[in-house]
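Comments concern the structure below.
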Amino acid sequence: MASMEETFRAAVQAGTLPGAVLLAKDVTGKKISPIYASAFGTRSLKDPSSNPPLELDTVMNIASATKLVTSVAAMQCVERGLIGLDDDVKPLVPEMEDGRRLLTHSSGYCYDSLSPLLMQWRKLNGQQAPVHEGDRLTDRYGQPLTFEPGTQWMYSPSIDWAGRVVECVYGDTPLETIMEQSIWQPLGIKDMTFYLQRRPDMLAKCGDMTKVDQSTGKLVHSEETFFEKDPEFAFGGGGLFTSPQEYMKILHSLLTNDGKLLRPESVDEFFRPQLEDKSRQSMAEVLSKPHNNVMNSLNPAGEKDWGLGGILLLEDGPDEYSRKAGTMSWSGGFHCFWFIDRKEGLCGFFASQIRHLTDPKLDGVKDLVHLFERTMYQRLRNKSSNAECDDNATGVQAVQ
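Residue numbering for the sequence shown follows the working numbering, starting at 15 and increasing by one per position.
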């Protein structure tokens with residue numbers, strides 16, 4: 015049977031995966047070498063003759079994986095007594111009610127692409143629908159609520175609004191500055207920003223976006239770069255650029271509960287089920303539809319809830335090599351998948367730059383994510399300290 019690494023190399027060779035960075039680390043930092051870190055493939059398909067290798071420090075648009083970082087910043091505000099989770103935030107952001115519902119997608123907001131009613135509302139108001147552009151928060155997400163807060167669940171830009179609340183409670187301090195001081199510096203993170211144009215060193219390491227060629231099913235270069243211009247506002251729901259190895263520092267800090275980001279009791283609250291009954295039932299209904307479930311597709315069947323940073327499993331997966339109850343996870347729209355399994359003591363990150371997460375032609379990529387996760391659970395269970403990381407293979411790199 016082919017090893018995981020051989021399977022990934024074959025996918026790159028076949029053109030069904032442009033490249034991916036795989037990172038996993040256990041809570042002790044000792045059982046997986048002490049960190050599994052490999053990069054496969056290329057960071058750009060623009061010039062097939064060059065194929066620059068994807069590396070652990072390649073800068074990527076992590077899209078909705080940003081939400082976890084903003085949620086940590088919001089929880090830090092609660093911890094410092096600047097605001098309570100259930101406080102009315104209308105005095106700060108008139109469009110909102112309370113912070114907990116913002117962080118759990120039960121606030122009444124919804125991405126317009128997921129709501130025919132919002133699409134119709136935008137058209138009636140002379141706006142392009144759906145809206146993906148705009149330098150300010152109100153330009154993109156200034157819209158009516160689609161349900162009474164706390165009564166339903168819908169994936170939404172509410173974390174972008176939560177980021178605005180964080181700025182307000184810090185006296186209108188930019189979210190970038192807050193994160194740099196409270197999250198990035200404590201973890202030694204240097205390559206993370208909402209404003210890529212201000213960081214030419216990071217621009218030079220950016221990976222290009224790819225997309226499916228619908229005629230061949232293979233992945234090709236996409237001209238849509240998503241980083242040619244900085245926005246006016248730091249979009250806390252999807253605006254961060256960083257490298258996989260930098261993002262992994264956040265995942266591992268939360269896994270180990272090391273106190274660098276949040277106090278232990280705050281981390282426990284972060285991983286506690288948060289949804290009200292109606293919202294939890296609504297989430298199950300929403301995610302039962304395949305086109306809505308793509309970001310949750312890596313989770314096994316069973317009851318789920320939402321924590322303060324991502325979706326939560328309420329039951330163990332089907333076997334010992336699956337996510338366990340209490341695992342928090344989510345992803346970003348360009349195929350960046352993360353998970354934190356506190357029960358098993360494992361966290362992981364699969365990072366790539368592929369557009370159109372919902373394209374069924376990309377199901378094979380999700381199969382690779384599954385393979386990566388199961389392999390990491392197997393190696394953790396076997397307490398393997400010699401997981402293969404072949405430095406001589408193209409685009410494969412291991413770090414300690």
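The beta-carbon is built from N, C-alpha and C at its ideal position, and this holds for glycine as well.
It should be emphasised that the depicted structure is a prediction, and the values quoted were computed from it without experimental measurement.
Ends of the alpha helix (DSSP H) at residue i?
i: Val180; result: 172-183
i: Leu151; result: 151-155
i: Ser296; result: 291-301
i: Ala88; result: 80-93
i: Ala315; result: That residue, Ala315, is in no alpha helix (DSSP H); it is neither H nor E in DSSP.
i: Ala427; result: This structure gives no information on residue 427, because the portion of the chain shown stretches from 15 to 414.
i: Leu36; result: Segment 33-40 is the beta strand (DSSP E) holding Leu36; no alpha helix (DSSP H) there.
i: Tyr391; result: 377-395
i: Arg337; result: Note, Arg337: premise wrong, no alpha helix (DSSP H); not H, not E.
i: Trp135; result: 130-138
i: Ile97; result: Element bounds for Ile97: n/a, residue is neither H nor E.
i: Glu190; result: 189-193
i: Arg115; result: 113-117
Would you mind giving the Cβ-Cβ distance between residue i and residue j, rounded to the nearest angstrom? I have them listed as a contact below 8 angstroms.
i: Trp167; j: Ser120; result: 5 angstroms
i: Leu37; j: Ala51; result: 5 angstroms
i: Gly321; j: Phe285; result: 5 angstroms
i: Tyr261; j: Ile76; result: 6 angstroms
i: Ala365; j: Met193; result: That pair is no contact at about 19 angstroms.
i: Glu111; j: Pro163; result: 5 angstroms
i: Asp319; j: Arg294; result: 6 angstroms
i: Gly221; j: Ser58; result: 7 angstroms
i: Leu289; j: Thr165; result: With a Cβ gap of about 11 angstroms, Leu289 and Thr165 do not count as contacting.
i: Leu265; j: Ile354; result: 6 angstroms
i: Gly251; j: Ser78; result: 7 angstroms
i: Gly323; j: Met342; result: 6 angstroms
i: Leu275; j: Leu269; result: In fact, because the Cβ distance is near 11 angstroms, the residues do not count as touching under 8 angstroms.
i: Met74; j: Gln367; result: 6 angstroms
By the DSSP assignment, the beta strand (DSSP E) with residue i in it spans what residues?
i: Lys318; result: 318-320
i: Tyr50; result: 49-55
i: Ala2; result: The structure shown has nothing for residue 2, since the chain only spans 15 to 414.
i: Phe353; result: 350-355
i: Ser343; result: 342-346
i: Ile325; result: 325-327
Should residue i go down as buried or exposed, given a rule of 16 or more other Cβ atoms within 10 Å for buried?
i: Leu116; result: buried
i: Val282; result: Checking the sequence, you will find Asp at residue 282 rather than Val. By the neighbour-count rule (16 or more Cβ atoms within 10 Å), Asp282 is not buried but exposed.
i: Leu131; result: exposed
i: Ile197; result: buried
i: Glu317; result: exposed
i: Arg94; result: exposed
i: Lys45; result: buried
i: Leu31; result: buried
i: Met15; result: exposed
i: Gln142; result: exposed
i: Arg395; result: exposed
i: Lys81; result: buried
i: Tyr155; result: buried
i: Thr207; result: buried
i: Leu326; result: buried
i: Asp126; result: buried
i: Arg150; result: exposed
i: Lys39; result: buried
i: Ala218; result: exposed
i: Ser444; result: Shown here, the chain extends from 15 to 414; a query on residue 444 therefore has no answer.
i: Ser129; result: buried
i: Thr389; result: buried
i: Glu387; result: buried
i: Leu328; result: exposed
i: Ser17; result: exposed
i: Gly33; result: buried
i: Gln411; result: Below a pLDDT of 50, predicted positions are generally treated as unreliable, and Gln411, at 44, falls in that range; no measurement from the model is reported.
i: Arg337; result: buried
i: Arg114; result: buried
i: Ala248; result: buried
Residue i CB to nearest chain C CB: under 7 angstroms?
i: Gly323; result: Absence of chain C from the displayed structure is noted, only one protein chain being present.
Does the beta carbon of residue i fall short of 6 angstroms from some heavy atom of the ligand GTP?
i: Ala24; result: This structure lacks the ligand GTP, and indeed carries no ligand of any kind.
Q: Determine contact between the segment 98-108 and the segment 126-139, defined as no fewer than three beta-carbon pairs at a distance below 8 angstroms.
A: A contact between stretches requires three or more CB pairs, one per stretch, nearer than 8 angstroms, and the segment 98-108 fails this requirement with the segment 126-139.
Q: Quick one: which unbroken alpha helix (DSSP H) runs of 4-plus residues sit fully inside the segment 205-234? Chain order, please.
A: 214-217
Q | Stretch-stretch touch, CB-based, cutoff 8 angstroms, three pairs: the segment 253-266 with the segment 21-31 | A | no
**Q.** Three-pair Cβ contact test at 8 angstroms for the segment 203-211 versus the segment 260-274
**A.** yes
Q: Would you check if there are 3 or more beta carbon pairs closer than 8 angstroms linking the segment 58-67 to the segment 352-359?
A: no
Q.
For the segment 336-351 against the segment 365-385, do three or more pairs of beta-carbon atoms, one drawn from each stretch, fall closer than 8 angstroms, so that the two count as touching?
A. yes
Q | Inter-stretch contact (C-beta, 8 angstroms, three-pair minimum) for the segment 374-386 and the segment 223-242 | A | yes
Q: Would you mind listing the alpha helix (DSSP H) stretches within the segment 257-284 that are 4+ residues and don't spill past its ends, in chain order?
A: 258-270, 278-284
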